[in-house]
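Quick note on my numbering: the sequence shown kicks off at 1389 and runs consecutively. For every residue, glycine included, the Cβ atom is placed at its ideal position computed from N, Cα and C.
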Amino acid sequence: MTIHIGWAREDSNHDLLVKQLARRVVVEGASWDLGDVLDDMWRWVGPMGEEAFKIGTKPELIGPGGRPLKLHGKIAGQPLKPEASMVRRLLTAFDMARPRPELVILARDGDGRVEERRAGFDQVVTGLEWDFPIILAMPEPEAEAWLVCGFDPRNDTEARRLEDLGLNFNPRAQPERLTSRPNHAPTDAKRVLQALTDGDKARIEACLDHPLDELGRRGERAGLGQLLADLREHLLPLLDPGARAR
């Protein structure tokens, strides 16, 4: 059996980040060794069946008779909160997809607006009925902050890179204090990750090999702990029902 995961993200960094974390949650939490067959058990797809769908792109909604589907301007009688319109349209597209996904995951950077963006997401998810669970992966302030959580110096050179950042806080333990703009700021998450890893792709990806529980603790205030909990609750049982009782 192959499950379909509805997948939409802000940029390609979320592909690496969320898919690798999801893989680890499933492989490490399953009641049997499914690592070698996992790629045959799931398929990540956009609302029109594409491999990558960018959040912010407006999916076409076609109703009965081939006419464009119009969505109401309110939810439960309340005006739409910021980004609620975008989220509702996207989830509606997934709901109309065939096959309909068993789970939908949306990935969107917080950019210092986590409360506002989550409020719009929550309005749509709780104010309307959906036939699938929905997970929001929202790194605060951006995806690179979660990668910084998993950086541990491997040698003296990397230890010096961490020290040379000159920050008055530990970005690995307090990634939520990093920023997403301006890009030249000492606290910019992209800049910090670049400095720590020297931009080496393999070294960046290795940050995701850190123990999941520790990643969750370090990134709790940056939204990472919530994502890991949601993946364990909603994704893992779809692929291994026996894991629910463990």
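Item: Apart from the five residues just before and just after Arg-1496, which ones in its own chain have a Cβ nearer than 6 Å to its Cβ?; Value: Glu-1398, Ile-1443 and Met-1526
Item: So what does DSSP say about Lys-1589, is it helix, strand or coil?; Value: helix
Item: Shortest alpha-carbon distance to Gly-1587 belongs to which of Gly-1604, Val-1536 and Asn-1556?; Value: Val-1536
Item: Taking all protein chains shown into account, do 16 or more other C-beta atoms lie within 10 angstroms of the C-beta of Thr-1514, making it buried, or fewer, making it exposed?; Value: exposed
Item: Mind listing, in chain order, the continuous alpha helix (DSSP H) runs of no fewer than 4 residues lying wholly within the stretch 1550-1581?; Value: none
Item: Which parts of the stretch 1489-1532 are runs of the alpha helix (DSSP H), unbroken and 4 residues or longer, counting only runs that do not cross its ends?; Value: 1502-1515
Item: Would you kindly report the start and end of the unbroken beta strand (DSSP E) that includes His-1392?; Value: 1391-1397
Item: CA-CA distance, Leu-1422 and Val-1415?; Value: 6 Å
Item: Can you tell me whether Pro-1452 is helix, strand or coil according to DSSP?; Value: helix
Item: Whose C-beta lies closer than 6 Å to the C-beta of Ala-1561 among residues of the same chain, with five residues either side of it excluded?; Value: Arg-1606
Item: Are the CB atoms of Val-1502 and Trp-1518 nearer to each other than 9 Å?; Value: no
Item: Between the Cα of Gly-1554 and the Cα atoms of Arg-1579, Asn-1543 and Glu-1532, which residue gives the shortest distance?; Value: Arg-1579
Item: What three-state label does DSSP hand Trp-1420 in the structure shown?; Value: coil
Item: Using the Cα positions of Thr-1545 and Gln-1582, report the straight-line distance between them to the nearest angstrom.; Value: 14 Å
Item: Start and end of the beta strand (DSSP E) containing Val-1643?; Value: Nothing about residue 1643 can be reported from this structure: the residues present for the chain run from 1389 to 1634 only.
Item: Report back the beta-carbon spacing between Leu-1627 and Ile-1450 to the nearest angstrom; my notes put them in contact at under 8 Å.; Value: Between Ile-1450 and Leu-1627 the Cβ distance is about 31 Å, and since that is not below 8 Å, they are no contact.
Item: Per DSSP, what kind of secondary structure is Val-1413 in: helix, strand or coil?; Value: helix
Item: For Ala-1575, I'd like the list of residues in its chain whose CB is within less than 6 Å of its CB, leaving aside the five on either flank, ordered along the chain.; Value: The sequence given here places Thr at residue 1575; Ala does not occur at that position. Closer than 6 Å at Cβ, skipping near neighbours: Leu-1566 and Thr-1567.
Item: Please classify Leu-1623 as buried or exposed, where buried requires at least 16 neighbouring CB atoms within 10 angstroms.; Value: buried
Item: Per DSSP, Trp-1534 is paired with what?; Value: Answer is none; Trp-1534 lacks a bridge partner.
Item: Quick one: what's got a C-beta closer than 8 Å to Arg-1634's C-beta in the same chain, skipping five residues either side?; Value: With a pLDDT of 48 at Arg-1634, under the threshold of 50, the modelled position of that residue is not reliable, and the figure given next carries that caveat. Excluding sequence neighbours, Arg-1634 sits near Gly-1417 and Ser-1419.
Item: DSSP on Ala-1633, reduced to helix/strand/coil?; Value: Legend: pLDDT at Ala-1633 = 48, less than 50; position of this residue unreliable, value from coordinates given subsequently. Three-state result, Ala-1633: helix.
Item: Let me confirm a value: Phe-1557 is counted as buried when at least 16 other C-beta atoms fall within 10 Å, else exposed. Which label applies?; Value: exposed
Item: Counting only beta-carbon separations shorter than 9 Å, does Ala-1410 have a partner in chain D?; Value: Structure shown: chain D not included; a single protein chain is present.
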